[in-house]
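The sequence shown begins at 1 in the UniProt record's numbering and counts up one residue at a time.
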Amino acid sequence: MKAVIPVAGIGSRLRPHTHTQPKSLVPVAGNTILGHIIDRLSGAGVDEFVFIIGYLGEKIENYVRRHYPALRATFVVQEPREGIAHALWLAREQFRHEQDGILILLGDTIVDIDLPAMMSMAGNVLAIKEVKTPSLFGLVETGAGGRVTKVVEKPRIPKSNYALVGLYKIANADWLASALERIIDQNQRTHGEFQLTDALMLMIQDGAEMITVPVDNWFDCGRKESLLEANARLLNRPEFLSRREFPEFPDTIIIPPVSIGKDCQIAGSIIGPNVAIGDRTIVKNTILSESIIGSYSELRSAVMHDCIVGSDALFKGTRHSLNIGDNTEIDYS
C-alpha cells in the first residue's frame, strides 16, 4: 500500500523552532516527527511514499534521501499552500490508480493504532478520537451501523465529539482524486482553504461508505504541549526502554526514560525523566526533566523542565554562593 504524507505546512504554532526547519523534522524521542511516521508505516508494510512538500521542502527531501536511502519516495511541491485537499489534489496523479487503496497521514501527527489491522479493514476507514473541544477539529458524525454520515471541518456548533486525527485509509483512490478535482474546480473552500473533509463529504454524498476506527493516543505535534507529551509517551514505550544504554557520565544521575544522542558531554547533572537530547550536546551542572534538547547545543548551570531547546543553542543559568541566616526566605521565581 502507498502512503501519502502532506508535510508542506509552515508550523507557526511551533515557532521559533520552525523558522529554520519544517515542523515534521522537529526532534522527538530520539527521532524526528517524520522519522517516527516513516518507521511506523514501513513496519506496517507500506512500501511506497508520496511526500507533499512546501515550506523548507528541500530539507525534508534531503532528510528522507539521507536517512532512508532505500525508500521508494516521490516528492510533490505544494505552492501556494491552500489546504490539505489542495495538497492532495496536486499529488493526485501519484496515487489515483492505486488498486489496493492508499493511506493518508498528516506529517505532524503521531497516533497509537494497530496499523496493519486498520490497513486490512475493508472499505474507507477514518481514524478518530473523542475530544473535549470539538469545534477546533474536523469532526465525524455516524449513523446506523457506525457508518459515517457526515464529516465537517471545525463546525461552529458541533454535533459530535469525535475528531479526525489525520489518518485515513481510502479504498478507492480514484474516487478521492475525482472529489478533489470537483472542489478545486468549484473553488469550494471552508475557513479559507480547500479541506479534505469537503472532499470526503462529496464521496459520501455520491454513495461511498466510510467507517471509523478509534486510536489509543493521538499527538498533534504542531504545538509545544502535545510535542512534549508525545516525547514522554514514546520514551515510555517498552521497545524504547529495552534498548536503554548510556556511557558513564561523571557525577551524573540518569532517571529513565531518557534518550541521549551520540558524543554528548554530560557532567554534574540530573537528567530525566522524559528527556530527549540530540547528538553532540553539552550539559553541565544542570537539572533537566520533561524536555527536548536539540543537537550541538549547550546547557550550563540550569534547572529546566517542560522545555524545548533547538539545535546549536546555548543557555547558561546562574550559580550562587550564599550565606543565609535564620528565618530567611529567598524566592527566585
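The beta-carbon is built from N, C-alpha and C at its ideal position, and this holds for glycine as well.
What does the Cβ neighbour count give for residue 255, buried or exposed, with the cut at 16 atoms within 10 Å? Locating residue 255 in the sequence shown gives position 255, where the first residue counts as 1. Flag for residue 255 reads exposed.
Can at least three beta-carbon pairs, one atom from the segment 3 to 12 and one from the segment 51 to 65, be found at a separation below 8 Å? yes
How about residue 67 and residue 35: are their beta carbons less than 9 Å apart? Along the sequence shown, one-based indexing puts residue 67 at 67. Along the sequence shown, one-based indexing puts residue 35 at 35. Taking 9 Å as the Cβ cut-off, residue 67 and residue 35 qualify as a contacting pair.
Taking the alpha-carbon of residue 275 as reference, which of 29, 94, 20 has the nearest alpha-carbon? Indexing the sequence shown from 1 puts residue 275 at position 275. For residue 275, the nearest C-alpha among the options comes from 29.
Measuring only the C-alpha atoms, how far is residue 27 from residue 106? As a working note, residue 27 is residue 27 in the sequence shown. As a working note, residue 106 is residue 106 in the sequence shown. One C-alpha to the other measures close to 16 Å.
Helix, strand or coil at residue 223 according to DSSP, with G and I counted as helix: For the purposes of this step, residue 223 is taken as the residue at position 223 of the sequence shown. Coil.
On the three-state DSSP scale, how would you describe residue 27? Locating residue 27 in the sequence shown gives position 27, counting from the first residue. Note: residue 27 maps to strand in three-state DSSP.
Starting from residue 62 and walking both ways along the alpha helix (DSSP H), at which residues does that stretch end? Here residue 62 is taken as the residue at index 62 of the sequence shown, counted from 1. Start and end: 57 to 67.
Give me the DSSP bridge partner(s) of residue 304. The residue given as residue 304 occupies position 304 in the sequence shown. Residue 304 is bridged to 288.
What do you reckon, are the CB atoms on residue 306 and residue 202 nearer than 9 Å? Start at 1 with the first residue of the sequence shown, and residue 306 comes out as number 306. Start at 1 with the first residue of the sequence shown, and residue 202 comes out as number 202. No, they are not a contact pair.
Are the CB atoms of residue 162 and residue 116 within a distance shorter than 9 Å? Numbered from 1 along the sequence shown, position 116 holds the residue referred to as residue 116. Numbered from 1 along the sequence shown, position 162 holds the residue referred to as residue 162. In this structure, residue 162 does not lie closer than 9 Å to residue 116 by Cβ.
As a quick exercise: from 309, 131, 289, pick the residue whose alpha carbon is nearest that of residue 295. Residue mapping note: residue 295 aligns to position 295 of the sequence shown, counting from 1. That would be 309, whose Cα lies nearest to the Cα of residue 295.
Got a sec, what are the start and stop residues for the alpha helix (DSSP H) residue 37 sits in? Indexing the sequence shown from 1 puts residue 37 at position 37. It spans 33 to 43 - the alpha helix (DSSP H) in which residue 37 sits, taken as one unbroken run.
Whole angstroms are fine: how far does the CA of residue 331 sit from the CA of residue 64? By one-based count along the sequence shown, residue 64 stands at place 64. By one-based count along the sequence shown, residue 331 stands at place 331. About 48 Å.
Could you check the C-alpha separation between residue 273 and residue 257 for me, to the nearest Å? Mapped onto the sequence shown, residue 273 falls at position 273. Mapped onto the sequence shown, residue 257 falls at position 257. Going by the C-alpha atoms only, they are around 5 Å apart.
Use the C-beta contact count for residue 230: other C-beta atoms within 10 angstroms, 16 or more gives buried, fewer gives exposed. Working through the sequence shown from its first residue, we reach residue 230 at position 230. It counts as buried.
Kindly indicate which three-state DSSP category residue 255 falls into: helix, strand or coil? Counted from its first residue, the sequence shown places residue 255 at position 255. Looking at residue 255 - three-state DSSP - the assignment turns out to be coil, as it is neither helix nor strand.
Please determine if the segment 121 to 132 and the segment 184 to 197 are in contact, where contact requires at least 3 C-beta pairs separated by less than 8 Å. no
Could you have a look at residue 201 and say whether DSSP puts it in helix, strand or coil? Numbered from 1 along the sequence shown, position 201 holds the residue referred to as residue 201. In this structure, residue 201 counts as helix in the three-state DSSP scheme.
Is there contact here, the segment 139 to 150 with the segment 76 to 86, by at least three beta-carbon pairs under 8 Å? no
Between 213, 108, 153, 91, which has its C-alpha nearest residue 120's C-alpha? Looking up residue 120 in the sequence shown gives position 120. Cα-wise, what sits closest to residue 120 is 213.
Determine the extent of the alpha helix (DSSP H) in which residue 181 is found, giving its start and end residues. Position 181 of the sequence shown, counted from the start, is the residue given in the question as residue 181. Note, residue 181: alpha helix (DSSP H), 173 to 185.
Report the CB separation of residue 311 from residue 285 in whole angstroms; it is logged as a contact under 8 Å. Within the sequence shown, numbered from 1, the residue matching residue 311 stands at position 311. Within the sequence shown, numbered from 1, the residue matching residue 285 stands at position 285. Contact doesn't hold; Cβ gap of about 21 Å is too wide.
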